[in-house]
Each structure stands twice: as structure tokens, then as C-alpha cells.
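Engineer: Taken in sequence, the protein lines are chains A and U. So the first sequence is numbered by our numbering: it starts at 447 and just counts up by one. So the second sequence is numbered by our numbering: it starts at 447 and just counts up by one. Every residue gets a Cβ at the ideal spot worked out from N, C-alpha and C, and that includes glycine. Every value quoted in this text rests on a predicted model; they were computed, and no experiment measured them.
Protein chains: 2
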Amino acid sequence: MATSFAEENYLKIIYRLSESTLEDISTNAVAELTQTKAASVTDMLRKLAEKGWVNYQKYQGVRLTEEGEKIALSIVRKHRLWEVFLVEKMGFNWDEVHEIAEQLEHIESEALINKLDEFLDFPKTDPHGDPIPNKEGILPELGYMHLSDLKENKACVLMGVAKDSAVFLQLLTRLHLSLGAKLIVKEINPFDRSISVSINESGPVFISHEVAKNILIKMA
Amino acid sequence: MATSFAEENYLKIIYRLSESTLEDISTNAVAELTQTKAASVTDMLRKLAEKGWVNYQKYQGVRLTEEGEKIALSIVRKHRLWEVFLVEKMGFNWDEVHEIAEQLEHIESEALINKLDEFLDFPKTDPHGDPIPNKEGILPELGYMHLSDLKENKACVLMGVAKDSAVFLQLLTRLHLSLGAKLIVKEINPFDRSISVSINESGPVFISHEVAKNILIKMA
DNA sequence: AATATTTTTTAGTCAAGACTAAAAATTTAT
DNA sequence: ATAAATTTTTAGTCTTGACTAAAAAATATT
Ligand SMILES: [Mn+2]
Ligand SMILES: [Mn+2]
Ligand SMILES: [Mn+2]
Ligand SMILES: [Mn+2]
Numbered sequence: 447m448a449t450s451f452a453e454e455n456y457l458k459i460i461y462r463l464s465e466s467t468l469e470d471i472s473t474n475a476v477a478e479l480t481q482t483k484a485a486s487v488t489d490m491l492r493k494l495a496e497k498g499w500v501n502y503q504k505y506q507g508v509r510l511t512e513e514g515e516k517i518a519l520s521i522v523r524k525h526r527l528w529e530v531f532l533v534e535k536m537g538f539n540w541d542e543v544h545e546i547a548e549q550l551e552h553i554e555s556e557a558l559i560n561k562l563d564e565f566l567d568f569p570k571t572d573p574h575g576d577p578i579p580n581k582e583g584i585l586p587e588l589g590y591m592h593l594s595d596l597k598e599n600k601a602c603v604l605m606g607v608a609k610d611s612a613v614f615l616q617l618l619t620r621l622h623l624s625l626g627a628k629l630i631v632k633e634i635n636p637f638d639r640s641i642s643v644s645i646n647e648s649g650p651v652f653i654s655h656e657v658a659k660n661i662l663i664k665m666a
Numbered sequence: 447m448a449t450s451f452a453e454e455n456y457l458k459i460i461y462r463l464s465e466s467t468l469e470d471i472s473t474n475a476v477a478e479l480t481q482t483k484a485a486s487v488t489d490m491l492r493k494l495a496e497k498g499w500v501n502y503q504k505y506q507g508v509r510l511t512e513e514g515e516k517i518a519l520s521i522v523r524k525h526r527l528w529e530v531f532l533v534e535k536m537g538f539n540w541d542e543v544h545e546i547a548e549q550l551e552h553i554e555s556e557a558l559i560n561k562l563d564e565f566l567d568f569p570k571t572d573p574h575g576d577p578i579p580n581k582e583g584i585l586p587e588l589g590y591m592h593l594s595d596l597k598e599n600k601a602c603v604l605m606g607v608a609k610d611s612a613v614f615l616q617l618l619t620r621l622h623l624s625l626g627a628k629l630i631v632k633e634i635n636p637f638d639r640s641i642s643v644s645i646n647e648s649g650p651v652f653i654s655h656e657v658a659k660n661i662l663i664k665m666a
């Protein structure tokens, strides 16, 4: 069955919200991310349920069906592969690609996306460290930790971010915190949990707990 | 001003129709190419005129304003650059790319399309030999002739096609008539103007006048 | 010149996807 | 257990871009 841009965006957003909770997703939560009003969301949820892509009972919240999740994953796959393309091949910075990928993710061609995947050498993660589903819709298990959970003097590598707003990414860039950087937490300030981190053996940089929480790492 | 997909498609089609005539474009002609009904076209023409992209007076036909032509050319530029990308980088055949480019042409990012242009090495023509407008909207002058106008025993090179339906392109491929092929018209049959052509010095192939008319060449 | 045919426009509908305002259900606080 | 606050749904509108059927204008034919 064909999917409109609007439907694809709703499914993708319900998917994103489902990643961080086991509970049903609320109408308001969806409205916030889709940048629409709750009333519009109610309308759309009924349509999506009608098509068998979500389970929805009024006042009970929503969750994806198996088929809905399959569609959502294919959108996520396209979004992330295009982001890789934009950074690796077009020379964009990691804070510039999200908006363009929001458009490209709706291009409908199985053949194209699989050729793109091959062209990019089957990347496992996008420029923000987010996992890319393969063509069967399976997400690679990455097992990243948050920098905020790391003990002092442990070495790790920056693998991704838990939030990809342009301002946040630009901040990281300014601090030389980019993918692949070798990090060591030098000191954790117990008062506000801000930390000082050395980056690739050079002079430590101070970052807030809020920032550290959104940096994904793996142990070196 | 923002342009919707529908508006972009109408402008592009009015542009295409304007290429082959100096007359105003009729409602019916637009309806045929947009795959809509004349009544729908009338509606849209009023809206486009309202926005200043076409000159339209009822019963008089339509033509693009300067601004409308600028928009149309930017869509054509995107369409053709994406087609080059699909063939050169993604490995599609020339008969497979049009539908996908119909989608990609609506991606809105000046930065992206200019980076793509550079990535592809500033191609002058797309996989069907059609000229690609540069970022100022200037079309390169190619001066191609139709194979049907060539005299016997003159050598030429196949530079493009005047029609890019998949069936036509597949026919050419089957006959080994691809871009860059060296052609010599061996014989013109005066009865139906069908011709026999040698391709890259090898055994001649017979093609109808209809096919020859749609093959674009330059003198060798 | 009058009539027939074709083209184009108008009038009225429809579906998708948004909105606001008001009503109903649920949750939280007293 | 009520009352208050919050969330969600319903009801009614709007815009975009399609459609059909009918009317009007333009063009072609006799
Ligand atoms: Mn993104
Ligand atoms: Mn990303
Ligand atoms: Mn094309
Ligand atoms: Mn083309």
C-alpha cells in the first residue's frame, strides 16, 4: 500500500518515541514532534489504525504494529543512508544534513536505496552514530554508553550523539568533539556533574552533565 | 515564494511544451502531460498566474513569465543532474532513471544541488543527451541534428534522444544504439524513409524513420 | 452565415491533512 | 470522593489539488 509523506512522518515519529519507552505513545507526544495540534494527530491515528499500521484505541495511546514498524524502519534506513551520503560524498557537516535527509527519506525506490547502501559501502551508522537498519529492517546492536556514565580516567571513543539538533552538533564541533575522538574523563565535578575531558591526548575541555549525557561512547 | 510539487510539475511541463513552439500553450496540452483533466488545469493556471509565474488569460493559453521560467529551469536542472547521478554513480541504465528523477527534482536545497553538480564534474548533458542548465539557469547550446536528416554515407556520433520513454530507450539499447556510438547511414529507403545504419563500424541495423527522427547526433 | 464540433471554463464535489473551539474523558490534587 | 487540571476527542472549517457534468466560447464545416 502506498504511503503519503504525512503518513511516513507520523510512523517515523511514533517509532522514535517508542524507542525510549515501552508504554503506549500519547497523542500529545506525537503532536509535539510532528509540529501539529493534538486534534490533527487524533485524525491521523485513526487513519493509520484503519490501514493496519498502528494499534490505537481512543484515549489509550498508540503503538506500531509489526507492519507499521517495518515501514518506519525503512524510512529511518533511508534517512540515515542519505545522511551518510551527504556527509561522505557531498561534503556537508554533520549539523547540516538532517533537514535535507527529511526530504530525501521519502524518495520511493527500493533499487535506489540498495544501490546507495552499496555505494556507501554498507555503513552501520550515520554521521551522528545512529544505527542504520539493513534491508531486512534489522538494526545493528551498537551497545554504546553515555559519556556521563563513564568513570574518571577511563579511555573511550566518541561514537555518536543522543540528540542531533544543529546547535548541539555545532557546540561539539567547536569543542573538537567529533566522531572517533579519543576521550578520557579527567575530572568529574561532584557539585553539578560537569566534567573535564581530554580529547585525543590534548588539553582538557569542560562540558556540562547535559552535554555529557548526549555523547555516546564505546570503551577504548 | 515556496513552490509545491504540483506547481513545480505544472511549470516544468509548460516549459517543456514551450520549447517546441512559440505559440501559447493550450490547456489541453498541459492536461495531457500532467495526466490531469482540463478543468483541473484551468484551476491551476489561475493560481500560477496569481503568483506571477505565468501569463494567462482565459481561452488564450498560457506562457511562462521570466520568473516562472527560472523556476522551471531550476527543476529541469535538478532532474537532469539527478539522472546523471543515477546512471554514473548508482549504475542504473538510461531507461530506469526518469521516474526516480521525477521525485528527486523536488528536493529543495540549493547547496545540495550545487555540490552534486560539482561531484558529477559539471556535466553539460544528462544520460539522454539533454542539456543541463547551469546554476544561473543558462542552457548550453548543443546544436544537435536528427539522424533522420542525415545524408547517406555521412559519419556522425549519437549524442542524445528526443524522447525518453523507457520502451524507446530499451529498443535503442537492444540495437546497440547508445550515447557516443559512431553511426553511418548506409541506405535510406525512399518508400518509408526507413534507414540502415552501421554502428561503430559493425554490421548495419535497420530502423524506422520514426526511430531515426528521435535520435540526436552531431557530425563526426 | 449558420451549424456542428472541439476546447475551455464554471459550478459543484471530494479527499487529505491541517486548524480552532468546545465537549468529553482521564488524571491529579484536595 | 470531589473538584480541578490536563489530555484527548469531536465537530465544524479551511486549503490544495484533484474530479464530473454542464455551460460558454472558440474553431471548423457545410
Ligand atoms: Mn537526522
Ligand atoms: Mn542522523
Ligand atoms: Mn527524465
Ligand atoms: Mn533526461
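Give a single yes or no on whether Asp610 (chain A) has its beta carbon closer than 7 angstroms to a heavy atom of ligand 1.
Structural biologist: The sequence position of residue 610 (chain A) within the first sequence is 164, counting from 1. Answer for Asp610 (chain A): yes, Cβ within range of ligand 1.
Engineer: In whole angstroms, give me the CA-to-CA distance for Gly514 (chain A) and Pro577 (chain U).
Structural biologist: Taking the first residue of the first sequence as position 1, residue 514 (chain A) is located at position 68. Taking the first residue of the second sequence as position 1, residue 577 (chain U) is located at position 131. Near 42 angstroms, if we compare the C-alpha coordinates of Pro577 (chain U) and Gly514 (chain A).
Engineer: Anything in the stretch 485–499 of chain A with a Cβ closer than 8 angstroms to a Cβ of chain U? List those residues in chain order, please.
Structural biologist: none
Engineer: Does the contact criterion of 3 or more C-beta pairs under 8 angstroms hold for the stretch 632–643 of chain U versus the stretch 591–602 of chain U?
Structural biologist: yes
Engineer: To the nearest angstrom, how far is the alpha carbon of Val487 (chain A) from that of Glu465 (chain A)?
Structural biologist: Against the first sequence, residue 487 (chain A) aligns to sequence position 41. Against the first sequence, residue 465 (chain A) aligns to sequence position 19. In a straight line, the C-alpha of Val487 (chain A) is about 19 angstroms away from that of Glu465 (chain A).
Engineer: Any heavy atom of ligand 5 closer than 7 angstroms to the beta-carbon of Glu554 (chain U)?
Structural biologist: Absent from the structure shown: ligand 5. Ligands present: ligand 1, ligand 2, ligand 3 and ligand 4.
Engineer: Assuming contact is defined by CB atoms lying nearer than 8 angstroms, are Ile630 (chain U) and Val643 (chain U) in contact in what I supplied?
Structural biologist: Here residue 630 (chain U) refers to the residue found at position 184 when the second sequence is read from its first residue. Here residue 643 (chain U) refers to the residue found at position 197 when the second sequence is read from its first residue. The answer is yes: Cβ separation under 8 angstroms.
Engineer: Would you tell me roughly how many angstroms separate the C-alpha atoms of Arg620 (chain A) and Ala601 (chain A), rounded to the nearest one?
Structural biologist: If you number the first sequence from 1, residue 620 (chain A) lands on position 174. If you number the first sequence from 1, residue 601 (chain A) lands on position 155. Arg620 (chain A) and Ala601 (chain A): Cα-Cα distance of roughly 21 angstroms.
Engineer: So within the stretch 582–622 of chain U, which uninterrupted beta strand (DSSP E) runs reach at least 3 residues, ignoring any that extend past its ends?
Structural biologist: 601–607
Engineer: Under 8 angstroms, with one C-beta from each stretch per pair, do the stretch 570–586 of chain A and the stretch 503–513 of chain A reach the 3-pair mark?
Structural biologist: no
Engineer: Compute the minimum distance between the beta carbon of Ala547 (chain U) and the heavy atoms of ligand 3, and state whether it is under 7 angstroms.
Structural biologist: Counting from one through the second sequence, the residue named residue 547 (chain U) turns up at place 101. Yes.
Engineer: In chain order, what residues of the same chain have a beta carbon less than 6 angstroms from the beta carbon of His592 (chain U), not counting five sequence neighbours either side?
Structural biologist: Taking the second sequence and counting its residues from 1, the one referred to as residue 592 (chain U) is at position 146. Excluding residues within five positions, the ones whose Cβ falls inside 6 angstroms are Lys659.
Engineer: Got a sec: is the Cβ-Cβ distance from Leu585 (chain U) to anything in chain A below 8 angstroms?
Structural biologist: The residue labelled residue 585 (chain U) in the question sits at position 139 within the second sequence. No, Leu585 (chain U) lies away from the interface with chain A (no Cβ there is under 8 angstroms from its Cβ).
Engineer: Would you check if the stretch 520–533 of chain A and the stretch 547–560 of chain A touch, i.e. whether three or more CB-CB distances between them fall below 8 angstroms?
Structural biologist: yes
Engineer: Note down, in chain order, each residue of its chain lying with its Cβ closer than 7 angstroms to the Cβ of Arg509 (chain A), except the 5 sequence neighbours on either side.
Structural biologist: The count along the first sequence starts at 1 and reaches residue 509 (chain A) at position 63. Once the five neighbours on either side are set aside, the close Cβ partners of Arg509 (chain A) are Ser464, Asp470, Ile471, Val500 and Asn501.
Engineer: Is the distance from the Cβ of Met536 (chain U) to the Cβ of Lys458 (chain A) below 8 angstroms?
Structural biologist: Stepping through the second sequence from its first residue, residue 536 (chain U) is reached at position 90. Stepping through the first sequence from its first residue, residue 458 (chain A) is reached at position 12. Contact annotation: Met536 (chain U) and Lys458 (chain A) have beta-carbon atoms that are not nearer than 8 angstroms.
Engineer: Do Ile546 (chain U) and Leu566 (chain A) have their beta-carbon atoms positioned less than 8 angstroms apart in this structure?
Structural biologist: Along the first sequence, read from residue 1 onward, the residue named residue 566 (chain A) stands at position 120. Along the second sequence, read from residue 1 onward, the residue named residue 546 (chain U) stands at position 100. Leu566 (chain A) is not a Cβ neighbour of Ile546 (chain U), given a cutoff of 8 angstroms.
Engineer: Starting from the beta carbon of Gln616 (chain A), find every residue of chain U whose beta carbon is closer than 7 angstroms, and list them in chain order.
Structural biologist: Start at 1 with the first residue of the first sequence, and residue 616 (chain A) comes out as number 170. The contacting residues do not exist; Gln616 (chain A) stays about 16 angstroms from chain U at best.
Engineer: Whose C-beta lies closer than 6 angstroms to the C-beta of Tyr456 (chain A) among residues of the same chain, with five residues either side of it excluded?
Structural biologist: Counting from one through the first sequence, the residue named residue 456 (chain A) turns up at place 10. Taken in chain order, the residues that qualify are Met490.
Engineer: Among the residues of its own chain, which have a CB less than 7 angstroms from the CB of Asn474 (chain A), if the five just before and after it don't count?
Structural biologist: The residue given as residue 474 (chain A) occupies position 28 in the first sequence. Once the five neighbours on either side are set aside, the close Cβ partners of Asn474 (chain A) are Ala484.
Engineer: Less than 8 angstroms between the C-beta atoms of Val607 (chain A) and Phe614 (chain A), yes or no?
Structural biologist: Within the first sequence, numbered from 1, the residue matching residue 607 (chain A) stands at position 161. Within the first sequence, numbered from 1, the residue matching residue 614 (chain A) stands at position 168. With respect to the 8 angstroms criterion, Val607 (chain A) and Phe614 (chain A) are classified as neighbours on the basis of their beta carbons.
Engineer: Check the DSSP bridge columns for Asn501 (chain U) and list the partner residues they point to.
Structural biologist: As a first step, residue 501 (chain U) must be located in the second sequence, where it is residue number 55. DSSP output for Asn501 (chain U) lists U:Arg509 as bridge partner(s).
Engineer: Measuring alpha carbon to alpha carbon, tell me which residue in U:Val476, U:Asn580, U:Thr482 and U:Gln503 is nearest Arg420 (chain U).
Structural biologist: This structure cannot settle anything about residue 420 (chain U), because the visible part of chain U is limited to 447 through 666.
Engineer: Between which two residues does the alpha helix (DSSP H) containing Met410 (chain U) stretch?
Structural biologist: The structure shown does not extend to residue 410 (chain U), since chain U is modelled only from 447 to 666, so the question has no answer here.
Engineer: Bridge partners of Pro577 (chain A), per DSSP?
Structural biologist: Taking the first sequence and counting its residues from 1, the one referred to as residue 577 (chain A) is at position 131. Partner(s): A:Thr571.
Engineer: Is the closest heavy atom of ligand 4 to the C-beta of Asp572 (chain U) under 7 angstroms?
Structural biologist: Looking up residue 572 (chain U) in the second sequence gives position 126. Yes; taking the cut-off as 7 angstroms, the Cβ of Asp572 (chain U) has a heavy atom of ligand 4 nearer than that.
Engineer: Where do the ends of the beta strand (DSSP E) carrying Ile653 (chain U) lie?
Structural biologist: What you label residue 653 (chain U) is simply residue 207 of the second sequence in a count that begins at 1. That run of the beta strand (DSSP E) goes Ser648 to Ile653.
Engineer: Checking the sheet assignment: what are the DSSP bridge partners for Glu633 (chain A)?
Structural biologist: Counting from 1 along the first sequence, the entry for residue 633 (chain A) is found at position 187. In DSSP, Glu633 (chain A) forms a bridge with A:Ser642.
Engineer: Check for me: the alpha helix (DSSP H) holding Glu548 (chain A) runs from which residue to which?
Structural biologist: Here residue 548 (chain A) refers to the residue found at position 102 when the first sequence is read from its first residue. Counted as a single uninterrupted DSSP element, the alpha helix (DSSP H) harbouring Glu548 (chain A) occupies residues His544 to Leu550.
Engineer: Examine chain U for any beta-carbon lying closer than 8 angstroms to the beta-carbon of Ser555 (chain A), and answer yes or no.
Structural biologist: In the first sequence, counting from the first residue as 1, residue 555 (chain A) sits at position 109. Interface residue, yes.
Engineer: Should Ala452 (chain A) be labelled buried (16 or more other beta-carbon atoms within 10 Å of its own) or exposed?
Structural biologist: The count along the first sequence starts at 1 and reaches residue 452 (chain A) at position 6. By the 10 Å Cβ count, Ala452 (chain A) comes out exposed.
Engineer: On the criterion of 16 or more Cβ atoms from any shown chain inside 10 Å, does Ser648 (chain A) qualify as buried, or is it exposed?
Structural biologist: Working through the first sequence from its first residue, we reach residue 648 (chain A) at position 202. Flag for Ser648 (chain A) reads exposed.
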